[in-house]
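**Student:** So the sequence shown is numbered by the working numbering: it starts at 66 and just counts up by one.
C-beta: ideal position from N, C-alpha, C; glycine also.
One structure follows; several queries about it will come next.
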Amino acid sequence: MTVGDVLEDLPPAASPLDTPAVANHVDITPPRDRERISYVLEGEWLSKSKAPPEIVQRLTPKDSTKFRRLDRGKPSLTLRCGETLYHPVENRYLTPREAARIQGFPDSYVFTGPIRRRTGVVPNLDQHRQVANAVPPPLARAVAQSLRTSLCL
Numbered sequence: 066m067t068v069g070d071v072l073e074d075l076p077p078a079a080s081p082l083d084t085p086a087v088a089n090h091v092d093i094t095p096p097r098d099r100e101r102i103s104y105v106l107e108g109e110w111l112s113k114s115k116a117p118p119e120i121v122q123r124l125t126p127k128d129s130t131k132f133r134r135l136d137r138g139k140p141s142l143t144l145r146c147g148e149t150l151y152h153p154v155e156n157r158y159l160t161p162r163e164a165a166r167i168q169g170f171p172d173s174y175v176f177t178g179p180i181r182r183r184t185g186v187v188p189n190l191d192q193h194r195q196v197a198n199a200v201p202p203p204l205a206r207a208v209a210q211s212l213r214t215s216l217c218l
């Protein structure tokens with residue numbers, strides 16, 4: 066399954082001031098980040114983009130694979146905490162719902178807490194981190210079924 070397959074039927078992401086049509090499908094990308102994202106081609110990293118030097122020079126070696134635009138025609142990269150993945154064609158971050166769909170969460174599963182936060186304690190864990198820290202439901206299901214078979218339950 067590709068990123069495009071997973072995201073194709075979602076409505077446009079809501080702004081933080083609007084009620085989303087699909088839970089957790091809210092775009093919080095700041096204007097200055099939209100400009101930075103605009104330089105990154107589908108499937109590429111910011112560090113390898115044609116972004117102006119003043120943008121690329123601020124990246125640390127640790128950032129070299131941190132900011133990437135997903136590719137609609139390929140499976141997703143692994144969602145990891147502390148990384149920022151960009152929407153394949155829109156100049157914005159992934160919404161928590163898009164990330165959750167990539168992980169295999171049904172749209173009926175609702176995440177609570179702030180959408181994005183740089184730091185925080187577990188009770189205030191942001192929605193992006195909740196998704197990235199989770200075991201994908203399809204994987205959990207496969208492991209459980211395998212255990213059930215192995216244990217003859």
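1) Is the stretch 119-130 in contact with the stretch 165-182, if contact means three or more CB pairs nearer than 8 Å?
2) Could you give the C-beta distance for R133 and Y151, rounded to a whole number, given that I count them as a contact under 8 Å?
3) Would the beta-carbon of V87 fall within 8 Å of that of L135?
4) Assign V91 to one of three DSSP states: helix, strand, or coil.
5) Any idea what DSSP makes of D86, helix, strand or coil?
6) What's the gap between the Cα of P95 and the Cα of Q168?
7) Label D70 either buried or exposed according to how many other C-beta atoms from any shown protein chain fall within 10 Å of its C-beta, with 16 as the threshold for buried.
8) Helix, strand or coil for T149? Go by DSSP, reduced to three states.
9) Find out if the Cβ-Cβ distance for the pair D92, A79 is shorter than 8 Å.
10) Less than 7 Å between C-beta atoms, sequence neighbours within five positions excluded: which residues of the same chain meet that for R181?
11) Taking the alpha-carbon of R145 as reference, which of V105, L159, E73, R213 has the nearest alpha-carbon?
12) Is it right to say Q195 is buried, meaning 16 or more other beta carbons lie within 10 angstroms of its own, or is it exposed?
**Tutor:** Per the coordinate set shown:
1) The stretch 119-130, when compared against the stretch 165-182, does not touch it at the 8 Å Cβ threshold.
2) R133 to Y151, Cβ: 7 Å. Contact.
3) The answer is no: Cβ separation not under 8 Å.
4) Three-state result, V91: strand.
5) For the sequence presented, residue 86 should be read as Ala rather than Asp. Residue state, collapsed to three classes: coil.
6) C-alpha of P95 to C-alpha of Q168: approximately 25 Å in a straight line.
7) D70 is exposed by the Cβ-count criterion.
8) Strand at T149.
9) D92 places its beta carbon less than 8 Å from that of A79.
10) Listed in chain order, the non-local C-beta contacts of R181 below 7 Å within the same chain comprise I93, D191, H193, local neighbours out to five positions each way being set aside.
11) For R145, the nearest C-alpha among the options comes from L159.
12) By the neighbour-count rule (16 or more Cβ atoms within 10 Å), Q195 is buried.
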